[in-house]
Amino acid sequence: MSSEASATAGDGGEQAVSAAGTSAGYDKFSKIAMESSEASGLIHFSRRGCSRKLLEEDPSLVHARDYDKRTPLHVASLHGWIDVVNCLIEFGADVNAQDRWKNTPLADAEGARKQKMIELLKSHGGLSYGQNGSHFEPKPVQPPIPKKCDWEIEPAELDFSNAAMIGKGSFGEIVKAYWRGTPVAVKRILPSLSDDRLVIQDFRHEVDLLVKLRHPNIVQFLGAVTERKPLMLITEYLRGGDLHQYLKEKGGLTPAIAVNFALDIARGMTYLHNEPNVIIHRDLKPRNVLLVNSSADHLKVGDFGLSKLIKVQNSHDVYKMAGETGSYRYMAPEVFKHRKYDKKVDVFSFAMILYEMLEGEPPFANYEPYEAAKHVSDGHRPTFRSKGCTPDLRELIVKCWDADMNQRPSFLDILKRLEKIKETLPSDHHWGLFTS
54 MSSEASATAG
64 DGGEQAVSAA
74 GTSAGYDKFS
84 KIAMESSEAS
94 GLIHFSRRGC
104 SRKLLEEDPS
114 LVHARDYDKR
124 TPLHVASLHG
134 WIDVVNCLIE
144 FGADVNAQDR
154 WKNTPLADAE
164 GARKQKMIEL
174 LKSHGGLSYG
184 QNGSHFEPKP
194 VQPPIPKKCD
204 WEIEPAELDF
214 SNAAMIGKGS
224 FGEIVKAYWR
234 GTPVAVKRIL
244 PSLSDDRLVI
254 QDFRHEVDLL
264 VKLRHPNIVQ
274 FLGAVTERKP
284 LMLITEYLRG
294 GDLHQYLKEK
304 GGLTPAIAVN
314 FALDIARGMT
324 YLHNEPNVII
334 HRDLKPRNVL
344 LVNSSADHLK
354 VGDFGLSKLI
364 KVQNSHDVYK
374 MAGETGSYRY
384 MAPEVFKHRK
394 YDKKVDVFSF
404 AMILYEMLEG
414 EPPFANYEPY
424 EAAKHVSDGH
434 RPTFRSKGCT
444 PDLRELIVKC
454 WDADMNQRPS
464 FLDILKRLEK
474 IKETLPSDHH
484 WGLFTS
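Under my numbering, the letters of the sequence shown match residues 54 to 489, in that order.
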């Protein structure tokens, strides 16, 4: 699913465009910015002023559309944000705009049973219609993927008696539980959101994506609960935790260890970027790289809540996607600037991760995440300070975070370069050796 998949406990602002804020107005406009990608400038500037001021500065935000053609008015109507809707309408929002499913803001408000919102939209000429312009009557949301699948898990098979919290977000939580005696990680959607059309859509997307993935460096999908509430997604449980916590505890890695880690990440990403069915992760960061065990000798890429499966015709296709998707500190400049982008956004994020592994601290650690992304978009890059960063590794990182996405290497090329670099480094059999 979208942002909550990245929002784990103690994220410290690093999660994907968080809906957390300092005021109710900021919360609302952060949500709109996250879900209506062209409006994402609202996230930052709403900290410093009201929604009216934002729209006065850039009236075009009122007509923003996300990947599913939803407008800010769709999002605000769905959540029942009266003040935001009033402001959007005042600035010329199309009350009867239709999303990809041909639903209007009023149809969304009716589906969410927001009575005051329904009355407000109707008073401004809002119509409730859907496919082909026919009158829309809200229906109960059907469970995602209704067809019985061999990966469908009965809730009774899951043992939560000794459950341990792994992470928690605004849409649900991830806990360690047991399935048929085996420890597993369970992403559990809040029961109160199990009828939310957008939440179900994101959940279904992530399940559909994970079912297709099989690779030693990709977190293994085991099954899902789609026919009962709460909706749940079950994957293998990896005892080693995530790379973010590992680096926080250990500091900078030796070049040998960093290269081994980077190879595992690159192998998983090479698999995801394989044509013609390219999967762009879009939120590659240390929190989404997991260690199989405490020995830290095997890494896997996980959390595909923001990933997109794209069928490409050739290796030079640029996907018509724009918007602020992912975590600011590891975000490619073209994403931050809302420009069209391709799979090379993951290569940029990889460069930032490799830098962090060698330096022992996040890129631009003294900046807030948003400011770090802005600094990068202005052409700046982190400074190399660690003596452990060899010239070959530095050169690779610089190529991977090139401002021109077309100049960044593919993950297959990265793999080849890392293998060559590995041959020049002394073998490090002690995974506890780190740089200072």
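Each residue gets a CB set at the ideal place from its N, CA and C atoms; glycine is no exception.
Element boundaries [beta strand (DSSP E), containing residue i]
i	result
Ser-245	No beta strand (DSSP E) contains Ser-245, which DSSP labels as neither H nor E.
Ser-214	211-221
Val-260	Not the beta strand (DSSP E): Val-260 falls in the alpha helix (DSSP H), residues 250-264.
Glu-289	285-289
Leu-275	274-278
Lys-229	225-232
Straight-line gap, residue i to residue j (C-alpha atoms, nearest Å)
i	j	result
Arg-241	Gly-294	19 Å
Leu-262	Gly-355	12 Å
Gly-321	Tyr-383	18 Å
Glu-421	Leu-159	38 Å
Lys-282	Ser-247	7 Å
His-334	Phe-357	6 Å
Pro-269	Thr-323	12 Å
Ala-77	Asp-136	Low local confidence applies: a pLDDT of 47 at Ala-77 is under 50, so the model's placement there is unreliable, and no value is given.
Arg-470	Pro-386	24 Å
Arg-461	Lys-396	10 Å
Ala-129	Gln-151	14 Å
Asn-330	Phe-403	20 Å
Asn-419	Arg-447	21 Å
Pro-236	Val-429	40 Å
Glu-414	Ser-245	38 Å
Ala-117	Pro-444	44 Å
Lys-303	Ala-277	35 Å
Ala-216	Cys-453	40 Å
Ile-318	Glu-472	13 Å
Pro-435	His-297	18 Å
Tyr-381	Pro-416	11 Å
Val-398	Lys-390	12 Å
Ile-287	Leu-325	20 Å
Val-264	Glu-109	45 Å
Where residue i falls, given that 16 or more other Cβ within 10 Å makes a residue buried
i	result
Ser-113	exposed
Thr-477	exposed
Val-497	The structure shown does not extend to residue 497, since the chain spans only 54 to 489, so no value can be given for it.
Asp-457	exposed
Arg-438	exposed
Asn-313	buried
Thr-307	buried
Ala-309	buried
Asn-156	buried
Phe-213	exposed
Asp-336	buried
Met-405	buried
Gly-497	Examination of residue 497 is not possible in this model, given that the chain is present from 54 through 489 alone.
Met-170	buried
Lys-427	buried
Glu-226	buried
Arg-340	buried
Asp-431	exposed
Val-451	exposed
First and last residue of the uninterrupted alpha helix (DSSP H) at residue i
i	result
Met-170	168-176
Gly-164	158-164
Ala-387	Residue 387 is actually Glu in this sequence, not Ala. Taken as a continuous stretch (DSSP letters only), the alpha helix (DSSP H) holding Glu-387 covers 386-389.
Nearest neighbour of residue i, chosen from the options [CA to CA]
i	options	result
His-127	His-258, Thr-279, Asn-149, Met-410	Asn-149
Trp-232	Arg-123, Pro-208, Phe-357	Pro-208
Val-23	Ile-171, Leu-407, Lys-390	Because the chain in this structure spans residues 54 to 489, residue 23 falls outside the shown range and cannot be described.
Asp-526	Ile-135, Ala-162, Pro-329	Residue 526 lies beyond the residue range present for the chain, which begins at 54 and ends at 489; the question has no answer from this structure.
Lys-338	Phe-401, Lys-221, Pro-444	Phe-401
Lys-537	Met-410, Trp-154, Gln-460, Tyr-394	In the structure displayed, the chain extends from 54 to 489; residue 537 sits before or after that span and is not available.
Ile-332	Ser-245, Leu-266, Pro-244	Leu-266
Thr-279	Lys-122, Ala-311, Lys-393, Asp-203	Asp-203
His-132	Val-252, His-177, Ser-176	Val-252
Leu-243	Gly-234, Val-228, Pro-236, Val-237	Val-228
His-351	Leu-180, Ala-311, Ile-287, His-258	Ala-311
Asn-327	Val-115, Trp-134, Leu-108, Phe-464	Phe-464
Gly-234	Gly-305, Glu-210, Val-388	Glu-210
Ala-238	Cys-140, Leu-296, Arg-292	Arg-292
Arg-105	Val-451, Leu-325, Gly-145	Gly-145
Contact test: residue i Cβ vs the ligand ZN heavy atom, cutoff 8 Å
i	result
Glu-109	Of the ligands one can find in the structure shown there are none, so the ligand ZN has no counterpart to examine.
Q) Quick one: complete alpha helix (DSSP H) runs, 4+ long, within the segment 293-365? A) 296-303, 308-325
(Q) To test your reading of the DSSP string, which unbroken alpha helix (DSSP H) runs of 4 or more residues are found completely within the segment 403-467? (A) 422-430, 444-453
Q | Segments of 4+ residues assigned as alpha helix (DSSP H) that fall wholly inside the segment 113-143 | A | 125-132, 135-143
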